[in-house]
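K.L.:
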Amino acid sequence: MTHPFCPGYSKPPYRALVEAYPDTEAYPTAAFRTEWGPIFHRGRLDGSARILLIGQDPATHEDVVRRILVGEAGQRIQGFLTKLGITTSYVFVNTFLYSVYGQSGGTKHIGDKPITDYRNQWLDAIAADNSLQTVVTLGGLADKAYKAWPGATGASWRYVNVLHPTYPDSASASGSTTFAAAMKRLCDNWNVGLDEILATPGALTPDTATPLVHYGSAITPGEHTGIPEGDVPAGLPDWMRAAGGWANRTGTTAAQKRATLTVTATLP
Ligand code: URA
Numbered sequence: 002m003t004h005p006f007c008p009g010y011s012k013p014p015y016r017a018l019v020e021a022y023p024d025t026e027a028y029p030t031a032a033f034r035t036e037w038g039p040i041f042h043r044g045r046l047d048g049s050a051r052i053l054l055i056g057q058d059p060a061t062h063e064d065v066v067r068r069i070l071v072g073e074a075g076q077r078i079q080g081f082l083t084k085l086g087i088t089t090s091y092v093f094v095n096t097f098l099y100s101v102y103g104q105s106g107g108t109k110h111i112g113d114k115p116i117t118d119y120r121n122q123w124l125d126a127i128a129a130d131n132s133l134q135t136v137v138t139l140g141g142l143a144d145k146a147y148k149a150w151p152g153a154t155g156a157s158w159r160y161v162n163v164l165h166p167t168y169p170d171s172a173s174a175s176g177s178t179t180f181a182a183a184m185k186r187l188c189d190n191w192n193v194g195l196d197e198i199l200a201t202p203g204a205l206t207p208d209t210a211t212p213l214v215h216y217g218s219a220i221t222p223g224e225h226t227g228i229p230e231g232d233v234p235a236g237l238p239d240w241m242r243a244a245g246g247w248a249n250r251t252g253t254t255a256a257q258k259r260a261t262l263t264v265t266a267t268l269p
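Residue numbers (the working numbering): 2 to 269.
Here it is as structure tokens:
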């Protein structure tokens, strides 16, 4: 049995981009978990992506895997791609390279020039390297990131903004709605997004032709898609690509929680 894996960043222009990643001068440690390092992307960097998705910022699972959108949020949006018939021809980047720390860190720094300039270099590279047919942003900050990219102006691809995959979790945690109501809102919103992307037949070429099945009132377990082996570094154990929940920030003080990630393996 052989195992596909993500070959990383050896190919130009990605090699030079990762060599020159912005550090704490661009990303202040008060607002970003810079101690866990930058996490750049997930998906194809070989010119074969037809859809680009822009997320927000990496979380616990991403800190370990070193690829973005691999935890619960990643499995929800991977399921969205499955509904489009997209199984390999995608690439994800985040609005922020580092995990946001605190409530308003993302909003406060969304307009920062060094952050924007570096992200735009990635977006330019991806747009030049691929025949993109669709760009999808996840949430409000990703929409702002997209609109701050000069390459978006006059582009020929379809652009769609949808709610972030963890909207039900964050909205219900804030107490403004229930998880079930927020999940229903996400599903309705994603159904509109799917319809917009597929509005013009042939505008997004699927990897596997798939009749569209809309979401109901919640994303079911079967509507999550595990992270493909070819998206992660070589040798990563299978359970790190399966359902989330295996990485948690633990500790009794804010500093301890920030410094400590507890990882629980699934035993064979
Ligand atoms: N949410 C995101 O937007 N990006 C990630 O990498 C993880 C969670």
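All residues carry an ideal CB built from backbone N, CA and C; glycine is no exception.
Every value quoted in this text rests on a predicted model; they were computed, and no experiment measured them.
1. Are there any heavy atoms of ligand 2 lying less than 6 Å away from the beta-carbon of Gln76, as far as the coordinates show?
2. Please identify the residue among Ala244, Glu230, Gly236, Pro59 whose C-alpha is closest to the C-alpha of Ala221.
3. If you draw a straight line from the alpha carbon of Gly107 to that of Ala146, how long is it in whole angstroms?
4. Is it buried or exposed, Trp285, if we count other Cβ atoms within 10 angstroms and call 16 or more buried?
5. What would DSSP say about Tyr102, mapped onto helix, strand or coil?
6. Is Ile52 a contact residue of ligand 1, with contact defined as CB to any heavy atom under 6 Å?
7. Going by DSSP in three states, Thr30 sits in which element: helix, strand or coil?
8. If Leu139 and Ile55 are in contact, beta carbons under 8 Å, what's the gap, nearest whole angstrom?
9. How many Å lie between Ile87 and Pro207 at the Cα?
10. Given a threshold of 16 other Cβ atoms within 10 Å of its Cβ, counted over all protein chains shown, does Arg1 qualify as buried or as exposed?
11. In the structure shown, what three-state DSSP assignment does His110 receive?
12. Is the beta carbon of Thr96 closer than 7 Å to that of Gln57?
13. Roughly how many whole angstroms lie between the Cα atoms of Thr167 and Ala74?
14. Three or more beta-carbon pairs under 8 Å between the stretch 9-24 and the stretch 41-51, yes or no?
15. Quick check: the Cα distance between Ala219 and Ala50, rounded to an integer number of angstroms?
16. According to DSSP, is Asn131 helix, strand or coil?
17. Using CA coordinates, which residue listed in Pro238, Val92, Asp118 is at the minimum distance from Leu133?
18. If I'm right that Asp64 touches Leu262 with Cβ under 8 Å, what's the distance once you round it to whole angstroms?
19. Which term fits Phe180, buried or exposed, when burial requires 16 or more other beta carbons within 10 angstroms of its beta carbon?
20. In whole angstroms, what separates the C-alpha of Thr253 from that of Cys7?
21. When the Cα atoms are used, what is the spatial distance from Met184 to Gly223?
22. Have a look at Ala235, Trp158, Gly236, Gly141 and flag the residue whose alpha-carbon is nearest the alpha-carbon of Ala200.
23. Mind pulling the beta strand (DSSP E) runs of 3 or more residues that sit fully within the stretch 203-265?
24. Rounded C-beta distance between Ser11 and Arg45? I'm assuming under 8 Å.
25. Would you mind working out which of Gln104, Leu124, Gly112 sits nearest Pro14, comparing C-alpha positions?
P.N.:
Taking the definition as stated:
1. This structure lacks ligand 2; the ligands present are ligand 1.
2. Locating residue 221 in the sequence shown gives position 220, counting from the first residue. It should be noted that the sequence gives Thr, not Ala, for residue 221. When each option's Cα is compared against that of Thr221, the closest is Ala244.
3. Translated into the one-based positions of the sequence shown, residue 107 becomes position 106. Translated into the one-based positions of the sequence shown, residue 146 becomes position 145. When rounded, the distance between both Cα atoms is 11 Å.
4. Because residue 285 is not part of the residues shown, which for the chain are 2 to 269, the question remains open.
5. To locate residue 102, count along the sequence shown from 1; it is residue 101. In this structure, Tyr102 counts as coil in the three-state DSSP scheme.
6. The residue labelled residue 52 in the question sits at position 51 within the sequence shown. Relative to the non-hydrogen atoms of ligand 1, the Cβ of Ile52 never comes closer than 6 Å to any of them.
7. Indexing the sequence shown from 1 puts residue 30 at position 29. Thr30: coil per DSSP, three-state reduction.
8. As a working mapping, residue 139 is identified with position 138 in the sequence shown. As a working mapping, residue 55 is identified with position 54 in the sequence shown. That pair is a contact at about 7 Å.
9. Your numbering for residue 87 matches position 86 in the sequence shown. Your numbering for residue 207 matches position 206 in the sequence shown. So the two alpha carbons sit approximately 5 Å from each other.
10. A question about residue 1 goes unanswered here, because the residues of the chain that appear run from 2 up to 269.
11. Taking the sequence shown and counting its residues from 1, one reaches residue 110 at position 109. His110: helix per DSSP, three-state reduction.
12. In the sequence shown, residue 57 corresponds to position 56, counting from 1. In the sequence shown, residue 96 corresponds to position 95, counting from 1. Yes, these two residues count as a Cβ contact at 7 Å.
13. The residue you call residue 167 lines up with position 166 of the sequence shown. The residue you call residue 74 lines up with position 73 of the sequence shown. Cα to Cα, the separation comes out at about 6 Å.
14. yes
15. Here residue 219 refers to the residue found at position 218 of the sequence shown. Here residue 50 refers to the residue found at position 49 of the sequence shown. Computed Cα separation, rounded: 28 Å.
16. On the sequence shown, position 130 is the one that residue 131 refers to. Asn131 falls in the coil class under three-state DSSP.
17. Here residue 133 corresponds to residue number 132 of the sequence shown, with the count starting at 1. It is Val92.
18. In the sequence shown, counting from the first residue as 1, residue 64 sits at position 63. In the sequence shown, counting from the first residue as 1, residue 262 sits at position 261. Rounded, the Cβ-Cβ distance is 6 Å, consistent with contact.
19. Taking the first residue of the sequence shown as 1, we reach residue 180 at position 179. So Phe180 ends up on the exposed side.
20. Indexing the sequence shown from 1 puts residue 253 at position 252. Indexing the sequence shown from 1 puts residue 7 at position 6. Going by the C-alpha atoms only, they are around 36 Å apart.
21. Taking the first residue of the sequence shown as position 1, residue 184 is located at position 183. Taking the first residue of the sequence shown as position 1, residue 223 is located at position 222. Cα-Cα distance, rounded: 15 Å.
22. Reading the sequence shown from its first residue, position 199 is the one you call residue 200. When each option's Cα is compared against that of Ala200, the closest is Trp158.
23. 248-250, 262-264
24. The residue given as residue 11 occupies position 10 in the sequence shown. The residue given as residue 45 occupies position 44 in the sequence shown. Their Cβ separation, rounded to whole angstroms, is 14 Å, which puts Ser11 and Arg45 out of contact at 8 Å.
25. Within the sequence shown, the letter at position 13 stands for residue 14. Checking every option, the nearest Cα to that of Pro14 belongs to Leu124.
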